[in-house]
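Trainee: Residue numbers (the UniProt record's numbering), protein chains in the order written: chain A, 1 to 438; chain B, 1 to 438; chain C, 1 to 438; chain D, 1 to 438.
One structure follows; several queries about it will come next.
Take a look at the structure:
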């Protein structure tokens, strides 16, 4: 995570102000539950809220840091500073809890906050893709397999495919969010020896989490692994669309282009030098987000009830993965929203091979008109080769071929070059993709 | 995937006999749909089933291989061989379809078959963990954080935690299975130009798949990425439990051991040399399964409507990841089912520090008995240190400490060393973990 | 590793026949050393060679497998079968050694054998690149940054760049080979308690290895990690060249193409449908080779003197990574050797923008002719824009521009469109790249 | 990279002040070369040094940022600010160069600076390991395979093994440093069309780099991949030693411990609760450093002469990987330097099985005394089992065994329990490991 690739809203989740505020909420809600259970006085719980429920200013954070330099323990430093605001009742705070109860539950809250932003990001990407897909659903272009012209499709269909992928990613992220949205307040090794399980239930409910069925001082890390693995899958889809756009913007294709603002200079005097730098950038960011999933997967196998090897990893990938993905998704949404599409170039590219993409269709029709498959194949290939080598119109060559003419008249041949044939199911496809949105 | 780490049932999914049989089913069901639509004669569809629905013997497979060496195209070789069994009606087979329609839909079927075996594997692991957890729920042992004694827990609680993780993994795998269970019969670039979408719907229904809302010759690879990423998460949980057992089997702990058959020799004359080789082996296998997720994540970003870079990857990780995970899960289930548990060693280890794990509890009680937290801390630490250095009983030292004695009488101290305190919520925890199973 | 992507020579390294033969060599050389040291009779050492030095036939291997099924120990099974060939003196074999001495040293031999094949593969790739680079060093083509036309280069220069990368990879592989070429015969925890260090020295010398300075039953795994990481770097270079070719073969570029044999059919009736399937395939294989490095990196951190978690990993990635890389390098060499190059298409693509790639050069010349940089920039961009939008010749537009004409005459402008300017240092570059080969 | 895990010296390399200063050096040295070649006036080159060679203060950096917000181009912003300090001669700066010439060469300088710090870090680790290895070379402890007691070794031998690994890592890093220490000043696509190759040679020499034989606007990324892969291998060795220490600090072993400062509190009142948090932390950091190698490996395959997908990756992993590794190595050195070693616990653990680790040796001696291997094995196992189950002394049991007594007298048995047997080659091993240091 570096400022260049960060958005403030997401970065703020990982700032001390937010973290300490969440810590406070955990402690204060726990006090309420402890008070209800008669473990601490009800007045104490009230005092905690009254004294402590205020923003963590830079001044307060500096104070906590100062204390931590002495105690070398972050939660103790936090509690010490908090005590100054609460007064004597502060001794009832944190009763029966361990630091991990606070830290792990806080991480769960931060990750759900991050997930919520990412879900909104995905919604922005989805909205952009849908809008542009519908706009361009009739923009016919050549479909390419292996980078080679295959058969026609439309630009809208391309975008609809990416929409469907991001829709799946949204579902996956929702599942991953649920996976990490648990609360653990269970004590030193998760046995609730020193704290009633009902405290955990109360705090969980207040923070929008579910109680962790079985924690061992820490929330089990397969949850986090599944979360970061999901971000990696989403990164793959970003890369997929980014590479599509990078390809289409190549000088020789120029079927679509990242938007250039009027004042923006290309990298030189050459006006064609509009580089797809945003999608190239996302390609790199996708690599990073994928990489962050690995240490998360290795974090699962902690020793016994816990070791702390996961902590340094999460201090890094927690912010890094979510901030980078948030940035990439927003950049992607912007690229899609403003993408400049060139339908005329699409058609020019499609036609550059003289209608050769209809060769299979001609072959099929010849067979149905009575030729054997072998003869039909030879006739089609003979004319296709000629067209390919000389640049002559495939359509005209077919008409001039005696053997073909015996089976298909000119108008029948012309009918085989109708682009509508290829795109007749565009609405079917878009209906399927957008079906659930209705 | 190597024979040493393979189980036949899973390996067979990736054998030619199964693959060709699935190809046949796809083609035959497609013929039914085409016949219903009037595209091909109903008699032809019947002829396909009548002639072709029989096992792919080694002889048939050898024949297909022989043809492929000439045509250099696997699907054509398959169709040529099939034609011999069907007769003239074979020309109606594969009408309007592309090879990828067959290949990708077949892969989806193979992956769902693999997922079903893995789900059964997880069920076996879950059953073993639950059984052993309930059996050992009262086997008190020391919980360890950072490898250091913390507070007591029970062996059953440990196992319940792993049960919960594998339960989550089961849910994740179910989602991943749904993700890859789609059928694509949509033609060269997914536009249905040459085939009616209803064919895809019919084949999907017959094969237990859902129609892929938007394919582009290929089924989008974010689905496969999510699948293999899920296997990687499961591998993490295997490693987690494997490492727990490896730790417990260490010479100095010996709280649990992989089962050794009566005739089995250790690696030497030393009877203690019972190495946790199965769980060590699983640790390595987990690394492999994690690694296989990476190329699957990189496969998402195919060029345009498709390139074929994913194919070599999937030919390798398809079998490798599922066979290895299947093997590891079964090995794990066996280890858990037969795990030898030593409750007496657990107690001995727990007591080896003379009850020091109760120091926090003593501290808490002294505070409630009126000591300031600072004084209580000093008193506890003074005696804990003495016990730690000299090996004397912490419990006895406390009784002999004058300051402590002023606040707590001997029987009050003894009460603080009751193990029941730590395990009073064991049933609560197990109930939470096993709740949904009822 | 699957047969489809395997070459026999490399795959054979990992077959039992080679493994058992290496085991025999280790044991027999060790006997020689033990005999020299007077630990065992000289006659015994001779008997070992006399009886045991013969190929491991399928029959012998089956016998060993049969014994292993009973003893469940591979080295013991091997020694038992060997004893039948040696007679009573066989009891002197393996004295003071541990199984790992044999297994780890054998792996070292196998990896050096694999490395030698890979070095030969790299030589084939290098030879092909050099030959084609020199052949095509004057084939001018447009250089592309961001997929967008930049300035001219030549195809030979492109290939020379890849040559340089593979030359570096050769050096890296040599270093990695040296890293894993060590021999360990040091006993149960590497202390030589039961075997004289001179045995290790002798065996190492005979097998072309160096004695491992410090083994702990096993050879330290950072060596293997460095080896597999190096294979991953080489895979990156394969992918880099593969992607270059895939790009150049795109329908719109067609500057180079994988060779198609005369009889080879494209995937359809369309003759342009020559897909870069070999380089796409290599792209996928590169992903796999990269992935195999990961578990090798995780293998470094074994527990204490050793655990066996690395073993399952190496049984898989040992063959998988080397066989796959060997296959990919040979496929790559073949693609380069037979690559069809289209210099006329290169020129056509280069000129498709009407010489716009000289805009910077024109700008520079106008400045030197006295215009301010700002004015020169405006003049160039004005004409470049016009050319870009209308397709008119940039060169002619400049001549017709009054402001430009005031500073540059027609022949001066023409001189700026000389392609020679861009390629004047081609020989300098090739000399640098091929310098060390002389 | 987060402040918590950063050391200033390494972090500063990646700060703007250092980057801009390197940019200046590249430009100024290039001016010298251009002046020597007569391309620009000699006075101009002097003016560049005279005006520009001063530190990049926060003020200057803020100015550059301000300009970049307008121009959206970092190198142009840099040049504009620089011009203010140089005056009119500034127009001669950057002649014929591209931004990448500056950026990529700067990255090479930064990476060599980082490598030099890492080499010094490794030297610190090596010095600490060697010192402690020699100190503890006679501290006998049990060697453990699979976590199970095997045969005796010494703590110094353990450390010597890690020393050897870090020595290899030093060699690997030196090679990796050489790999990335190249300079590219070759223009838009690396053809030197607008700049003489001698400029590159001059700048390279001045900056301690070698000229890149073949750049394509960018320095080829296999170099960077090899560099980051090497850091990943080093991380593996860190993890390996970290895990050894974590194991030895376990409550049940306590053979070594991270140093606790006198004032430092454990996490509770329990004095044994000294957690190996530093080595656990390094375990996590190692995971991160490994992960950073992946995107570096994916960066190799840029499109054609370059795309910019590598840039975002390197902006992140450049600092992240080097800063994290620097931090981890220094933390590791500190841990080793101050490691508390408990030889008495080592002996106690070694003896806890009553000398069973000598069973193989007894077996061997019985054979040499005339027993058949089968009978000897049975005799040894009988007594070993008894010792293992009852805790009785293995040594005494052997003496009391009639069959054993027939072959070995009491003093012969006692001789087999001499620890010196196992450690007689300790100096041999240390000599081998430290040989090259002489």
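Glycine included, every Cβ here is placed at the ideal spot set by N, Cα and C.
Note that the structure is predicted; figures quoted are calculated from it, not measured.
What residues from the stretch 48-72 of chain B come within 7 Å of chain D, judged by C-beta to C-beta, listed N to C?
Mentor: Answer in chain order: no residues at all.
Trainee: Quick one: is the Cβ of residue 341 (chain D) within less than 6 Å of any heavy atom of the ligand ATP?
Mentor: Inclusion of the ligand ATP in the displayed structure is not the case, the ligand content being empty and no account of it being possible.
Trainee: Does the beta carbon of residue 283 (chain D) come closer than 7 Å to any beta carbon on chain A?
Mentor: yes
Trainee: Is the shortest distance between the beta-carbon of residue 291 (chain A) and the beta-carbons of chain D less than 7 Å?
Mentor: For residue 291 (chain A), the answer is yes, since a Cβ of chain D falls inside 7 Å of its Cβ.
Trainee: Considering only residues of the same chain and omitting the five flanking positions on each side of residue 249 (chain C), which have a CB-CB separation below 7 Å?
Mentor: 256, 257, 258 and 276
Trainee: Are at least three pairs of beta-carbons, each pair with one atom in the stretch 89-102 of chain B and one in the stretch 184-191 of chain B, less than 8 Å apart?
Mentor: Contact check between the stretch 89-102 of chain B and the stretch 184-191 of chain B: three or more CB pairs, one atom from each, fall below 8 Å, which counts as touching.
Trainee: Please confirm if residue 287 (chain C) has its CB atom under 7 Å from at least one CB of chain B.
Mentor: Judged by the 7 Å Cβ criterion, residue 287 (chain C) is in contact with chain B.
Trainee: Straight-line CA distance for residue 324 (chain D) to residue 227 (chain A)?
Mentor: Straight-line spacing of the CA atoms in residue 324 (chain D) and residue 227 (chain A) works out to 24 Å.
Trainee: With 7 Å as the threshold, decide whether the Cβ of residue 407 (chain A) is near any Cβ in chain B.
Mentor: no
Trainee: Count the other CB atoms, across all protein chains shown, that sit within 10 Å of the CB of residue 137 (chain C); report buried if there are 16 or more and exposed otherwise.
Mentor: Buried.
Trainee: In its own chain, which residues sit with a C-beta less than 7 Å from the C-beta of residue 132 (chain C), not counting the 5 before and 5 after it?
Mentor: 159, 336 and 339
Trainee: Check distances from the C-beta atoms of the stretch 356-375 of chain C to those of chain D and list, in chain order, the residues that come in under 7 Å.
Mentor: Within the stretch 356-375 of chain C, no residue has its Cβ closer than 7 Å to any Cβ of chain D.
Trainee: Give me the chain A residues within the contact set of residue 145 (chain B), using Cβ-Cβ distance strictly less than 9 Å, ordered along the chain.
Mentor: 100, 188, 189, 216, 217, 218, 303, 304, 305, 306, 307 and 308
Trainee: Please identify the residue among C:210, C:229, C:57 and C:262 whose C-alpha is closest to the C-alpha of residue 317 (chain C).
Mentor: C:229
Trainee: Helix, strand or coil for residue 170 (chain A) per DSSP?
Mentor: helix
Trainee: Tell me the DSSP bridge mates of residue 340 (chain C)?
Mentor: Within the DSSP secondary-structure output, residue 340 (chain C) pairs in a beta bridge with C:257.
Trainee: Compute the distance between the beta-carbons of residue 243 (chain B) and residue 127 (chain A), then report whether it is under 7 Å.
Mentor: no
Trainee: Out of C:216, C:110, C:245 and C:122, which has the shortest C-alpha to C-alpha gap to residue 161 (chain D)?
Mentor: Out of C:216, C:110, C:245 and C:122, C:216 has the C-alpha closest to the C-alpha of residue 161 (chain D).
Trainee: What does residue 145 (chain D) pair with, by DSSP beta-bridge criteria?
Mentor: Partner residues in the beta bridge of residue 145 (chain D), as assigned by DSSP, are C:306 and D:148.
Trainee: Using only the alpha-carbon positions, how far apart do residue 29 (chain A) and residue 206 (chain A) sit?
Mentor: 7 Å
Trainee: What is the residue span of the alpha helix (DSSP H) that residue 444 (chain D) lies within?
Mentor: Past the edges of chain D, shown from 1 to 438, lies residue 444 (chain D), and the structure says nothing about it.
Trainee: Comparing alpha-carbon positions, which option in D:8, D:83 and D:59 lies nearest residue 44 (chain D)?
Mentor: Of the listed residues, the one whose Cα sits closest to residue 44 (chain D) is D:83.
Trainee: Strictly below 9 Å CB to CB, what residues from chain A border residue 423 (chain B)?
Mentor: 191 and 193
Trainee: From residue 7 (chain D) to residue 319 (chain D), what does the alpha carbon distance come to, in whole angstroms?
Mentor: 11 Å
Trainee: When you compare each of C:349, C:393, C:435 and C:285 to residue 2 (chain C) by their alpha carbons, which one comes out closest?
Mentor: C:285
Trainee: For residue 384 (chain C), would you say it is in contact with chain A, using Cβ-to-Cβ distances shorter than 7 Å as the test?
Mentor: It does: the Cβ of residue 384 (chain C) has a partner Cβ on chain A nearer than 7 Å.
Trainee: Mind the definition here: the stretch 34-52 of chain A touches the stretch 354-373 of chain A only if three or more C-beta pairs lie below 8 Å; say whether that holds.
Mentor: no
Trainee: Name, in chain order, the residues that DSSP records as bridge partners for residue 243 (chain D).
Mentor: Note: residue 243 (chain D) sits in no beta bridge, so no partner.
Trainee: Quick check: the Cα distance between residue 195 (chain B) and residue 425 (chain A), rounded to an integer number of angstroms?
Mentor: 10 Å
Trainee: Kindly indicate if chain C contains any beta-carbon less than 7 Å away from that of residue 454 (chain A).
Mentor: The structure shown does not extend to residue 454 (chain A), since chain A is modelled only from 1 through 438, so no value can be given for it.
Trainee: Could you check what DSSP says for residue 80 (chain D) in three-state terms: helix, strand or coil?
Mentor: helix
Trainee: Residue 280 (chain D) versus chain A: which residues are under 7 Å apart at the beta carbon?
Mentor: 307, 308 and 309
Trainee: Chain A partners of residue 5 (chain D), CB-CB under 7 Å?
Mentor: Simply 312.
Trainee: Check the Cβ-Cβ distances between residue 345 (chain A) and every residue of chain C, and say whether any is below 7 Å.
Mentor: Taking 7 Å as the CB threshold, residue 345 (chain A) stays off the interface with chain C.
Trainee: Closer than 8 Å is the cut-off here; do at least three beta carbon pairs connect the stretch 376-390 of chain C with the stretch 173-180 of chain C?
Mentor: no
Trainee: Below 6 Å CB to CB, which residues in the same chain sit around residue 313 (chain B) once its five sequence neighbours on both sides are set aside?
Mentor: 295 and 299
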